[in-house]
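Chemist:
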Ligand SMILES: [Zn+2]
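Numbering (the numbering used here), first residue to last: 1 to 145.
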């Protein structure tokens, strides 16, 4: 199976949307494109390769967000390409703050986890969550003293 790279047109549409929303931190589209082209096409969080994601969403897994019969259209192209993700969601899209992320991790992170916190969470989900509770109760103990 061939890899379908994300088109420059589509990258530019995404870039222009971020500019419009005031979220762009790249100098210009050329700087963004250069950054994008230099990225290894695998998920920063789980390591899934773009090609593997394309195989999954066109041949194996089903969702209304995935391409229909292997053809991606408006609203049905999730999973076809790695997504540009901000490590710190409050920061702008910039060289320093962006990584490529698979659909599965991006969807799973939601707006709850980000950056290395999500990496930690995904390694041991319940362990990570219980650690958060433990940290809170330690804080409470200190406050109660
Ligand atoms: Zn991933």
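C-beta: ideal position from N, C-alpha, C; glycine also.
Using a Cβ-based criterion (distance less than 8 Å to any ligand heavy atom), does residue 47 qualify as near ligand 1?
Modeler: Result yes, Cβ under 8 Å from ligand 1.
Chemist: Quick check on this structure: which residue in 84, 112, 88 has the alpha carbon closest to the alpha carbon of residue 103?
Modeler: Out of 84, 112, 88, 84 has the C-alpha closest to the C-alpha of residue 103.
Chemist: Nearest by alpha-carbon distance to residue 122: which of 72, 46, 21 is it?
Modeler: When only C-alpha atoms are compared, the closest one is 46.
Chemist: Please report how far the alpha carbon of residue 54 lies from the alpha carbon of residue 81, in whole angstroms.
Modeler: Straight-line Cα distance between these residues: approximately 7 Å.
Chemist: May I ask which residues mark the beginning and end of the alpha helix (DSSP H) holding residue 124?
Modeler: Premise fails: residue 124 is in no alpha helix (DSSP H) and is neither H nor E.
Chemist: For residue 64, count neighbouring Cβ atoms within 10 angstroms of its own Cβ and tell me buried if that reaches 16, exposed if not.
Modeler: Result: exposed.
Chemist: Starting from residue 86, trace the beta strand (DSSP E) in both directions and tell me its first and last residue.
Modeler: Looking at the DSSP string, the run of the beta strand (DSSP E) that includes residue 86 is 83-86.
Chemist: Measuring alpha carbon to alpha carbon, tell me which residue in 9, 24, 48 is nearest residue 96.
Modeler: When only C-alpha atoms are compared, the closest one is 24.
Chemist: Could you tell me the alpha carbon to alpha carbon distance between residue 98 and residue 3, rounded to whole angstroms?
Modeler: Those two C-alpha atoms are separated by around 22 Å.
Chemist: Just to confirm, is the Cβ distance from residue 56 to residue 22 under 9 Å?
Modeler: Cβ atoms of residue 56 and residue 22: not closer than 9 Å.
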